[in-house]
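Residue numbers (the working numbering): 59 to 302.
Just so you know, even glycine gets a beta-carbon here, dropped at the ideal spot from N, CA and C.
Quick caveat, the model's predicted, so the values are computed rather than measured.
The structure under discussion appears below in the form of structure tokens.
Quick look at the structure:
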């Protein structure tokens, strides 16, 4: 059983959703693998998305880890609200308890083994690490080779298209290859700061450069070779709940 917690079709990177529906779901069906897509719902049954929460009129919510004016990352609740709790609710609905925990496979590879120690297990789960338990342990490149050997295209990293955890290089590629999506990210940053200005608060940013996204990320013609590709400051989610 594979679970994909979708934070919203208006929030997930369109490339992630395209891969999920064009390749992952058909392949899972062919192999007899059950792949379940989860969505966050309100008490009245209506769907809630992360982008919808951010842009809701009058909302003061900042659930994504924006960069504060000091350079420090802001509070992050998006993973807990739209991934961890969603998966946990499904597991508990299907019988997982502290006495009978679900065995949950976490896709952490050898490249990021340090994330294992950062992950806090929930009472209703028993985490296992199939990529690390494999003989030999699998790195990201090994996973890519396995995917390619199965006849599937290798997916890119998954994240919300406006995620502040993206490396600047990822935003630069978005500006170059998907300018409409990059413009939406700039508009979202502007909206958040317009609200903060009304509240008398300092601005926040989607990058660590302490200035608007369209200024922080160079245009395609201004990109230097290898722009920021060696940046190790990527604050990747350490829970392992995100679909990658």
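Residue 190 is positioned such that its CB atom lies closer than 8 Å to that of residue 168. Nearest in C-alpha terms to residue 247, of all of 123, 185, 205, is 123.
Residue pairing of residue 211 in beta bridges, as defined by DSSP: absent, with no partner found. In the three-state DSSP reduction, residue 186 falls in the strand class (E or B).
Distances from the alpha-carbon of residue 170 to those of 195, 158, 178 put 195 closest.
For residue 183, same chain residues with a beta-carbon under 6 Å away, outside a window of 5 residues either side, are 159, 160, 162 in chain order. Taking C-beta atoms as the reference points, residue 216 and residue 76 fail to come closer than 8 Å. Cβ neighbours of residue 214 within its own chain (closer than 7 Å, five residues either side excluded): 73. By the neighbour-count definition (other C-beta atoms within 10 Å, threshold 16), residue 262 is a buried residue. In the three-state reduction of the DSSP assignment, residue 240 falls in the helix class.
Distance between residue 273 and residue 112, taken at the CA atoms: about 22 Å. Contact between residue 264 and residue 222 holds: their C-beta atoms lie close to 5 Å from each other, under 8 Å. Per DSSP, residue 192 is not a residue of any alpha helix (DSSP H), being assigned neither H nor E. Around the C-beta of residue 188, fewer than 16 other C-beta atoms lie within 10 Å, and the residue is accordingly described as exposed.
When secondary structure is reduced to three states using DSSP, residue 175 falls in the helix class. Contact holds between the stretch 97-108 and the stretch 136-146, because three or more Cβ pairs, one in each stretch, are under 8 Å apart. Cβ contact annotation for residue 59 (same chain, cutoff 6 Å, sequence separation greater than five): 92, in chain order. Residue 257 sits exposed, since fewer than 16 C-beta atoms from the chains shown fall within 10 Å of its C-beta. Taking the C-beta atoms as reference points, residue 86 is found no nearer than 8 Å to residue 145. For residue 142, there is no enclosing alpha helix (DSSP H), as DSSP marks it with neither H nor E. For residue 110, the secondary structure class from DSSP, reduced to helix, strand or coil, is helix. A Cβ-Cβ separation of about 6 Å places residue 127 in contact with residue 268 under the 8 Å criterion.
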